[in-house]
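One structure is given here, and the rest of the page talks about it.
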């Protein structure tokens, strides 16, 4: 379903024309499991809410429009969405995946997908040559990329990776959770599927758990739609409505969050007790030029390493404006300790290799007054 107008306009009116019978400006919540049939052999287009629900359909239609995709499918969580994509592969086939994945995705691939006979080959997907070499394995059928990555904010050249994937007849899947369609549209650069944890920026208020897959072709839409219905990990109508409501303000929220994140990253980079800052909006970030080419924003996620790991407990306990909590993407600013929270399921040797250590902290920057956020970190640092 191709985009017909600007993303901001489409999102501002998300679901607003979804109920022509009443003209409701806010899409109604169809809190029903089943739908009555007019007569034998006839249907309203809705039979059972696992298969289709009007509220969920309004959300899916909006996501497909803003991504420029063929269709979109909403799931009960981001991991449920990722899991549906892995069902494209059969036992004995392999995936090439980003090495510093979100810990939950790593756990899914390592402990669940592997048991189905689908193995993962982890590489630095910000290194196009490394990906190209990994794709030479004839059993690889899918390339799964996070960009920017969680939590090290590495940036992949999606256009270059799409060329590599096409050359090997491999699906390219991009987790676009950090940037959203407002800042990056992977399908336009050759990706086959885009996945989201809709709990994050799409919903934007830390009040819902959901996921989404956007497809580029009717053939992929048919397969992902089958998995969604057959497995049944669908988002409920109330959660779908909450995401629709969040989407209406996504461009406004993300613009403010990115401004705040850039200011914070610049301030942290100059702080004497900070050893390193990871933020792709800084010109010295290795992925800065790539993201300027393929994106229209740099996101609101930022990570930094303190010089003294002994300070970490006091920082986490002492913040007052930031909330010490997992997740990301909401209007509230959060601080997270990846080593023991989001990436606890990774093996110690892998964590050490990646640089996810006892000095690393991750920030999800919200919409607060940025000077308050800076003052909060200044006090605890």
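Numbering (the working numbering), first residue to last: 35 to 415.
No residue lacks a Cβ here, since even glycine has one placed at the ideal position from N, Cα and C.
Under the three-state DSSP convention, the category residue i falls into
i, result
"residue 127", "coil"
"residue 299", "helix"
"residue 137", "helix"
"residue 208", "strand"
"residue 170", "coil"
"residue 313", "coil"
"residue 175", "strand"
"residue 79", "coil"
"residue 360", "coil"
"residue 339", "strand"
"residue 218", "strand"
"residue 374", "coil"
"residue 86", "coil"
"residue 107", "strand"
"residue 162", "helix"
"residue 308", "strand"
"residue 66", "coil"
"residue 180", "strand"
"residue 213", "coil"
"residue 132", "strand"
"residue 368", "strand"
Whole-angstrom distance between residue j and residue i, CA atom to CA atom
i, j, result
"residue 347", "residue 371", "10 Å"
"residue 324", "residue 264", "39 Å"
"residue 274", "residue 268", "10 Å"
"residue 351", "residue 169", "45 Å"
"residue 329", "residue 293", "16 Å"
"residue 320", "residue 103", "29 Å"
"residue 228", "residue 219", "9 Å"
"residue 215", "residue 187", "17 Å"
"residue 413", "residue 308", "13 Å"
"residue 160", "residue 327", "14 Å"
"residue 345", "residue 361", "22 Å"
"residue 46", "residue 211", "19 Å"
"residue 195", "residue 96", "27 Å"
"residue 144", "residue 158", "17 Å"
"residue 109", "residue 375", "23 Å"
"residue 257", "residue 123", "11 Å"
"residue 85", "residue 68", "10 Å"
"residue 291", "residue 185", "17 Å"
"residue 91", "residue 163", "40 Å"
"residue 230", "residue 120", "14 Å"
"residue 300", "residue 342", "20 Å"
"residue 89", "residue 251", "23 Å"
"residue 112", "residue 147", "15 Å"
"residue 236", "residue 48", "12 Å"
"residue 399", "residue 363", "8 Å"
"residue 80", "residue 221", "29 Å"
Continuous beta strand (DSSP E) stretch holding residue i: start and end
i, result
"residue 250", "From DSSP, residue 250 is part of no beta strand (DSSP E); its letter is neither H nor E."
"residue 232", "Segment: none, residue 232 is in no beta strand (DSSP E) and carries neither H nor E."
"residue 349", "Run containing residue 349: none in the beta strand (DSSP E); it sits in the alpha helix (DSSP H), 346-352."
Rounded distance between the beta-carbons of residue j and residue i, thought under 8 Å
i, j, result
"residue 206", "residue 179", "7 Å"
"residue 315", "residue 295", "7 Å"
"residue 128", "residue 94", "Between residue 94 and residue 128 the Cβ distance is about 30 Å, and since that is not below 8 Å, they are no contact."
"residue 192", "residue 225", "6 Å"
"residue 233", "residue 208", "The pair is not a contact, with the Cβ atoms about 18 Å apart (cut-off 8 Å)."
"residue 247", "residue 106", "7 Å"
"residue 335", "residue 140", "Contact flag wrong, Cβ pair sits at about 17 Å."
"residue 42", "residue 317", "Not really, about 27 Å apart at Cβ, beyond 8 Å."
"residue 410", "residue 356", "6 Å"
Residues near residue i in its chain [Cβ-Cβ closer than 6 Å; skip 5 each side]
i, result
"residue 388", "134"
"residue 87", "64, 271"
"residue 359", "368"
"residue 83", "67"
"residue 44", "99, 100"
"residue 190", "159, 160, 179, 181"
Residue span of the alpha helix (DSSP H) that contains residue i, given as start and end
i, result
"residue 413", "404-414"
"residue 399", "Counting along the chain, residue 399 falls outside any alpha helix (DSSP H), and DSSP gives it neither H nor E."
"residue 383", "382-388"
"residue 61", "No alpha helix (DSSP H) contains residue 61, which DSSP labels as neither H nor E."
"residue 43", "41-46"
"residue 114", "112-120"
"residue 324", "322-328"
"residue 197", "192-201"
"residue 156", "Segment 153-157 is the beta strand (DSSP E) holding residue 156; no alpha helix (DSSP H) there."
"residue 279", "271-281"
Residues near residue i in its chain [Cβ-Cβ closer than 7 Å; skip 5 each side]
i, result
"residue 23", "The question about residue 23 has no answer here: the residues shown for the chain are numbered 35 through 415."
"residue 378", "137"
"residue 241", "276"
"residue 176", "122, 123, 129, 204, 205, 207"
Own chain partners of residue i with C-beta closer than 8 Å, once the 5 adjacent residues on each side are dropped
i, result
"residue 297", "404, 408"
"residue 415", "305, 307, 308, 340, 345, 349"
"residue 310", "338, 339"
"residue 59", "50"
"residue 155", "128, 129, 130, 131, 168, 171, 174"
"residue 142", "113, 116, 117, 120"
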